[in-house]
Structure formats: C-alpha cells, structure tokens
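The sequence shown maps to residues 9 to 114 in our numbering.
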Amino acid sequence: MAPILVGAVSGLSGQAYAGDPVFRIVFEDGKMTPLRIDVPADTRIELQLVNTGKTPAEFESLPLRKEKVIAPGVTTDMVIKGLDPGEYPFFDDFHPDAPPAVLIAK
C-alpha cells in the first residue's frame, strides 16, 4: 500500500510538461536577469532558474509562496500553476541589496 500512496503524493509535486512555456531567470552574484517577465495568466509555466555566479542564490516570492536555493553553477526548474492576472514580485533572498524582479501574468 505504501508505494501506491507515494505515487499518488508524488503526482502532486508540480512536474513540468513538454507543452509548458519556459521562462529563464539567471542569477549571478547578486544580479538577476530579466527583472520583468510577462507570462500567460491561467497557464502552468516553468521557471528555469540558473545560477551562473560563484555564490548561492535564493529565488523567493511571498505572493507565489515559492522559494528555492540555487547553488553556484546549478540549473533547476520550478513549476507554477496557473496564475490569476496580476503582478508577482520575487527576489534573491541571499542578496538583499539586489533589485527585486516581477512576474506579470496577463
């Protein structure tokens, strides 16, 4: 019974699918690019988080209720299920002096 339960729970993890739009965010020692990303509303999207710097970075967004640490030289993905139209700020929590960025769902 345990393997069935584990499979059922893992299906809720928010995996990306081949047709999901992908948006790349690059972190490099306190810099994020781009600072503004227009995304489709009501559509599952994938954020590809890339840390090209020499220090760790942390994607964090309070309105999205998402955070993820990205080690130097690592690329990781984050799936965000359909957003209502609006603005969703995010920032690099490990570099508080860096300007915040925003996802804009239209």
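By construction, the Cβ of each residue, glycine as well, lies at the ideal position given by its N, Cα and C atoms.
Just so we're clear, the structure is a prediction, and the values are computed from it rather than from any experiment.
Distance, residue j Cα to residue i Cα
i: Leu70; j: Phe98; result: 7 Å
i: Glu75; j: His103; result: 14 Å
i: Asp50; j: Val87; result: 13 Å
Selected residue, minimal CA-CA separation from residue i, among the options
i: Val34; options: Arg44, Arg73, Gly27; result: Arg44
i: Pro107; options: Arg73, Glu68, Thr84; result: Glu68
Sheet register partners of residue i (DSSP bridge)
i: Lys39; result: Glu36
i: Ala109; result: Phe98
i: Arg44; result: Val110
Under the three-state DSSP convention, the category residue i falls into
i: Pro104; result: coil
i: Thr84; result: strand
i: Leu57; result: strand
Chain-order list of residues whose beta-carbon lies under 7 Å from that of residue i (same chain, five-residue window excluded)
i: Gly94; result: Ala113
i: Gly61; result: Phe35, Glu36, Asp37, Pro80
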